[in-house]
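Trainee:
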Amino acid sequence: MTAREIEDAVGRAHAWFSDLGWTPFEYQSTVWRRFLKGESGLVHSATGSGKTLAAILGPMLAKGAEDLQGLRVLWITPLRALSHDTERALREAASVFAPEWRVETRTGDTPSSVKAKQAKEMPQILVTTPESLNLLLSYPHSRSSLSAVDCVIVDEWHELMSSKRGVQTELALARLRMWNPDVRTWGLSATLGNLPEALTVLMGIGRKGSLVTGDVPKHIVIDTLLPESIERFPWAGHLGVKMLPQVIEAIESSCSCLVFTNTRSQTEIWHQAIVTARPDWKGVGETHHGSLDRGVRDAVELGIKSGRLRCVVCTSSLDLGVDFSPVDRVLQVGSPKGVARLLQRAGSSGHQPGSVSRITCVPTFALELIDISATRQGAIDGRIEKRASLSTPLDVLAQHCVTVALGGGFAKNELLAEVRTSHAYATLTDGEWQWTLDFVMRGGSSLKAYPEYHKVIEVDGVCRVDDRKIGLRHRLSIGTIVSDAAVQVQYVHGGQLGSVEESFASRLLAGDQFLFGGTILEFVRLREMTCWVRRAKKLKGAVPRWMGGRLPLSNELAQSLRERLDEAARGVFASPEMAKVKPLLEVQGRWSAIPKANELLIEEHQSREGHHLFIFPFEGRLVHEGLAALFAYRISRRQAITFSMAMNDYGFELLSNEKADVHDAVESGLFAKAGLLEDIPASLNAAEMARRQFREIARVAGLVFQGYPGSNKSARQIQASSGLFYDVFTKYDPTNLLLDQARREVLERQLEASRLVQSLERLSRSRILITAPSHPSPLAFPILVDRLRQTVSSERVGTRIERMALKLEREAG
């Protein structure tokens, strides 16, 4: 387009905004102009500031007479829940700027009849997920269906780029760019700390893009419901629903409220507590999490948008950019664990330009008051978490090779060149590529005798899949999301409610009751991956415990937390949260010490259980898990000693029968980086951890098939199958690159090895404070309780903990 044509097109957009009584933000106009010039880029702006219109009006303004047929715009979203909102917003814009364009969605929830119509004739705009896009790429007609795409918009790019789903997206973009080198790519993001890297990953190798930042004024209020009193010896969850009266009051003061929790089980507990306290809210107070049936979640989302629901207790299933205009307040139960997560959830309220977003934190643990204060300061300082991109996951590459082989086939050298244009595989070596080809064509050196692993064959220089069964199984397995096998929860006489993990359902006996979707259910039977239930009147059972319940502190939040403690050590309690927690920290300072930012506190304490070492790096649970094992291993090399371990986000405990010589350990290199990569595997059961991680890799790479719809394999079967492959590879193919990938993923994802290295560097420069309090300090007590909860006791653990805390309160005066 000429400069005059571009300005005329942008003028049409401005006129439309003016007719609606709006004025476009400067960044929106910038995006439209750059798109019309043929550029790509990344848009970073606050939630609710108009990124959708910034992205979509460019393609619509550029529409020509020849663009009426075929798919023109591909909109990739990380969540199905976002697709409905996005489709509605795009249709509204299309009705003005491209009325002849069809806007449709294609996800796992799309009816097969709609997919069949799309196979014959694609809409001009398609909203889809990474998994559904890769499924499209697996069909022989994929090139004719997708080669006309001249714009790809990746929504919530920060959520994708640090995961294997992001790598999937990178590979799909590389394929689309091979078919149409002029395709424009735009990413959208609201909370991201490493924007230049995010732009580079999105663009791929050899392509340039621009970063457009929306400097849109967005007032965010972050406050806290403070408990009336603070126990000076708290433990995780001890406040719990004791904050319920204040939460009820906060909900009453708002028109519509989202109550975010960090776990699905916490969602069920809080919803039950709220509707029990306010029975009149039944029907206007609901739950929303990923295990609920799609229809149930859709109904809840519609209830929020219409303003019918007063409050919804939810998890991260409602984290991302869904437009709930009636919501004017958000509550965050428990520590947000990260600045970006808090800001993302805050954006769910006041989801319009110029509106105030308000999020109120509800501590479930006294020390979370420090987290909340640190998070608010991190938000003020703009310390948004970075998202690290992944490099060379060969399981995803193997899956992609089979997908492309199904979707028309490939020539080896051509696909290699294409794959290397993605950021994730820019450093892919010839050896890794040849290994991957051998793996998908012959099963590698270990499985070459088994025809079912000869998935891809080469005929006349083109690699294809010619076995119908292999193709069907592969299409059913496309994706990188791997979780424990889920069983459907269904009424004996009625519809489906959703799913729970098989590990939970398998422990239930007939007559057992549990809470799910805000409803008390009675277990009837478990048959063929379906948990049959009926309604019950009174809860006297358990709440399902889903995996991933303990989020670690982010690096940025950990740093801010150490700074708040540094201020407290100097007598500064600037925020309401820090003022509230002051009595606890005063006891900490009197009995032991409050560590400053450049100090590491180590507490030695002896009890009837043995000799305790409490170490407080304030780096987050995952890093502490690695540090605890590493320190125990290094100390045990200096003296014959055995430790048991416990940890939380603030520190960790090493408990032994003999006294550990801490001074000698520190002087002999307790914090040394040298030998770290050898010491970590030696200090942990690294082989078993890698074995468990291999389950995910085996599923993604296509070694393990989860079963056909309605007859999925159990988690135990999948783990056994992947474990067998792990053992076979370890014994007969020790250089198998998937084994190496499993070890690397354990180090980085489960132990945050790069953060662990940074922590050791910081600790090696820190001043070491070694104290010997006669009683467990307020910082040590919750770690001690965490270990106690994992032990078998003949009395109720809660009663025992309360008695211990009361004794310490008396000792503290």
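My numbering applies: residue -19 is where the sequence shown begins, and numbers increase by one.
In this text, a Cβ means the ideal position worked out from N, Cα and C, and glycines have one as well.
Go ahead and label K144 buried or exposed: buried means 16 or more other beta carbons lie within 10 angstroms of its beta carbon, across all protein chains shown.
Mentor: For the purposes of this step, residue 144 is taken as residue 164 along the sequence shown, with counting starting at 1. Classification of K144: buried, given that the 10 Å Cβ count is 16 or more.
Trainee: What does a CB cutoff of less than 6 Å around M421 pick up in its chain, not counting 5 residues either side in sequence?
Mentor: Taking the sequence shown and counting its residues from 1, one reaches residue 421 at position 441. Excluding positions up to five away in sequence, the list reads V436.
Trainee: Helix, strand or coil for H268? Go by DSSP, reduced to three states.
Mentor: Residue numbering aside, residue 268 sits at position 288 when the sequence shown is read from its first letter. Note: H268 maps to strand in three-state DSSP.
Trainee: So what does A626 bridge to, in DSSP terms?
Mentor: Start at 1 with the first residue of the sequence shown, and residue 626 comes out as number 646. A626 is bridged to E633.
Trainee: Figure out for me which residue from T401, V737, A670 has the closest Cα to the Cα of M158.
Mentor: The residue labelled residue 158 in the question sits at position 178 within the sequence shown. Here the closest residue by C-alpha is T401.
Trainee: Figure out for me which residue from Y712, Q686, L717 has the closest Cα to the Cα of S702.
Mentor: As a first step, residue 702 must be located in the sequence shown, where it is residue number 722. Minimum Cα distance to S702 is reached at Q686.
Trainee: Apart from the five residues just before and just after P110, which ones in its own chain have a Cβ nearer than 6 Å to its Cβ?
Mentor: Here residue 110 refers to the residue found at position 130 when the sequence shown is read from its first residue. For P110, where only same-chain residues beyond five positions count, the Cβ hits under 6 Å are R145, Q148, T149.
Trainee: Quick check on H64: does DSSP put it in helix, strand or coil?
Mentor: Here the question's residue 64 lines up with position 84 in the sequence shown. DSSP places H64 in helix when its eight states are reduced to three.
Trainee: Roughly how many whole angstroms lie between the Cα atoms of R413 and E394?
Mentor: The residue labelled residue 413 in the question sits at position 433 within the sequence shown. The residue labelled residue 394 in the question sits at position 414 within the sequence shown. According to the sequence displayed, residue 413 carries Trp and not Arg. Their Cα atoms are separated by approximately 12 Å.
Trainee: For a quick check, are the C-beta atoms of P661 and G600 less than 8 Å apart?
Mentor: Here residue 661 is taken as the residue at index 681 of the sequence shown, counted from 1. Here residue 600 is taken as the residue at index 620 of the sequence shown, counted from 1. Not in contact: P661 and G600 (Cβ atoms no closer than 8 Å).
Trainee: What residue range is occupied by the uninterrupted alpha helix (DSSP H) comprising S587?
Mentor: Numbered from its first residue, the sequence shown carries residue 587 at position 607. Run containing S587: none in the alpha helix (DSSP H); it sits in the beta strand (DSSP E), 579 to 587.
Trainee: W801 by DSSP, collapsed to three states: which one?
Mentor: In the structure as shown, the chain begins at -19 and stops at 793. Residue 801 is therefore absent and cannot be evaluated.
Trainee: Can you tell me whether DSSP reads S142 as helix, strand or coil?
Mentor: Residue numbering aside, residue 142 sits at position 162 when the sequence shown is read from its first letter. Three-state DSSP puts S142 in coil, outside helix and strand.
Trainee: Alpha carbon to alpha carbon, how far is A230 from V307?
Mentor: The count along the sequence shown starts at 1 and reaches residue 230 at position 250. The count along the sequence shown starts at 1 and reaches residue 307 at position 327. When rounded, the distance between both Cα atoms is 13 Å.
Trainee: Apart from the five residues on each side of it in sequence, which residues of its chain come closer than 7 Å, Cβ to Cβ, to R453?
Mentor: If you number the sequence shown from 1, residue 453 lands on position 473. The residues are F685.
Trainee: Looking at the structure shown, is C235 part of a helix, part of a strand, or coil, going by DSSP?
Mentor: Translated into the one-based positions of the sequence shown, residue 235 becomes position 255. DSSP places C235 in coil when its eight states are reduced to three.
Trainee: Checking 8 Å against the spacing of the C-beta atoms, do P762 and L347 come in under that value?
Mentor: Mapped onto the sequence shown, residue 762 falls at position 782. Mapped onto the sequence shown, residue 347 falls at position 367. Against a cut-off of 8 Å, the Cβ pair of L347 and P762 comes out as a contact.
Trainee: Nearest-angstrom Cα distance between E794 and S142?
Mentor: As shown, the chain starts at -19 and ends at 793. That puts residue 794 outside it, with no answer to give.
Trainee: The beta strand (DSSP E) that contains Q493, what's its start and end?
Mentor: For the purposes of this step, residue 493 is identified with residue 513 of the sequence shown, where counting begins at 1. Residues 493 to 496.
Trainee: When we look at the beta-carbon of E536 and count the other beta-carbons within 10 Å, is it buried (16 or more) or exposed?
Mentor: Indexing the sequence shown from 1 puts residue 536 at position 556. E536 comes out buried.
Trainee: Could you compute how far the alpha carbon of G88 sits from the alpha carbon of S112?
Mentor: One-based indexing of the sequence shown puts residue 88 at position 108. One-based indexing of the sequence shown puts residue 112 at position 132. Going from the Cα of G88 to the Cα of S112 covers about 7 Å.
Trainee: For P58, which residues from the same chain have a beta carbon less than 6 Å from its beta carbon, with the 5 sequence-adjacent residues on both sides left out?
Mentor: Residue mapping note: residue 58 aligns to position 78 of the sequence shown, counting from 1. Excluding residues within five positions, the ones whose Cβ falls inside 6 Å are E136, E139, L140.
Trainee: Compute the Euclidean distance between the alpha carbons of L322 and L634, then round it to the nearest angstrom.
Mentor: Here residue 322 refers to the residue found at position 342 of the sequence shown. Here residue 634 refers to the residue found at position 654 of the sequence shown. The alpha-carbon atoms of L322 and L634 are separated by roughly 32 Å.
Trainee: For G411, which residues in the same chain have their Cβ closer than 8 Å to its Cβ, ignoring the five residues on either side in sequence?
Mentor: The residue labelled residue 411 in the question sits at position 431 within the sequence shown. Excluding residues within five positions, none has a Cβ falling inside 8 Å.
Trainee: The beta strand (DSSP E) with D546 in it runs from where to where?
Mentor: Along the sequence shown, one-based indexing puts residue 546 at 566. That residue, D546, is in no beta strand (DSSP E); its alpha helix (DSSP H) goes 535 to 549.
Trainee: Could you tell me whether the region 10 to 28 touches the region 188 to 200, using the rule of 3 or more Cβ pairs below 8 Å?
Mentor: Taking 8 Å as the limit for Cβ pairs, the verdict is that the region 188 to 200 does touch the region 10 to 28.
Trainee: Would you call H121 buried or exposed, if buried means 16 or more other Cβ atoms sit within 10 Å of its Cβ?
Mentor: Position 141 of the sequence shown holds residue 121. Exposed: under 16 other Cβ atoms inside 10 Å.
Trainee: Whole angstroms are fine: how far does the CA of S271 sit from the CA of S774?
Mentor: Counted from its first residue, the sequence shown places residue 774 at position 794. Counted from its first residue, the sequence shown places residue 271 at position 291. Residue placement at S774 cannot be trusted, given a pLDDT of 45 that sits under 50; the coordinates are not used to answer.
Trainee: When the Cα atoms are used, what is the spatial distance from H591 to A645?
Mentor: Residue mapping note: residue 591 aligns to position 611 of the sequence shown, counting from 1. Residue mapping note: residue 645 aligns to position 665 of the sequence shown, counting from 1. So the alpha carbons of these two residues sit roughly 16 Å apart.
Trainee: Using CA coordinates, which residue listed in K43, V11, L581, L41 is at the minimum distance from G30?
Mentor: Translated into the one-based positions of the sequence shown, residue 30 becomes position 50. Looking at the Cα atoms, V11 is the closest of the given residues.
Trainee: Quick one: what does DSSP say A385 is sitting in, helix, strand or coil?
Mentor: Start at 1 with the first residue of the sequence shown, and residue 385 comes out as number 405. DSSP places A385 in helix when its eight states are reduced to three.
Trainee: Could you name the residues of the same chain whose beta carbon sits closer than 6 Å to that of G283, not counting the 5 residues immediately before and after it, in chain order?
Mentor: In the sequence shown, residue 283 corresponds to position 303, counting from 1. Cβ within range, chain order: L289.
Trainee: Sorted by chain position, which residues of the same chain lie with C-beta nearer than 8 Å to I185's C-beta, five sequence neighbours on each side aside?
Mentor: Translated into positions along the sequence shown, residue 185 becomes position 205. Taken in chain order, the residues that qualify are R400, T401, S402, H403, A406.
Trainee: May I ask which residues mark the beginning and end of the alpha helix (DSSP H) holding H604?
Mentor: As a first step, residue 604 must be located in the sequence shown, where it is residue number 624. H604 -> alpha helix (DSSP H) spans 601 to 618.
Trainee: With a Cβ-Cβ cutoff of 8 Å, do V132 and L153 count as a contact?
Mentor: Taking the sequence shown and counting its residues from 1, the one referred to as residue 132 is at position 152. Taking the sequence shown and counting its residues from 1, the one referred to as residue 153 is at position 173. Yes, these two residues count as a Cβ contact at 8 Å.
Trainee: If we call anything under 8 Å between Cβ atoms a contact, is T340 one with L311?
Mentor: The residue labelled residue 340 in the question sits at position 360 within the sequence shown. The residue labelled residue 311 in the question sits at position 331 within the sequence shown. Yes. Within cutoff.
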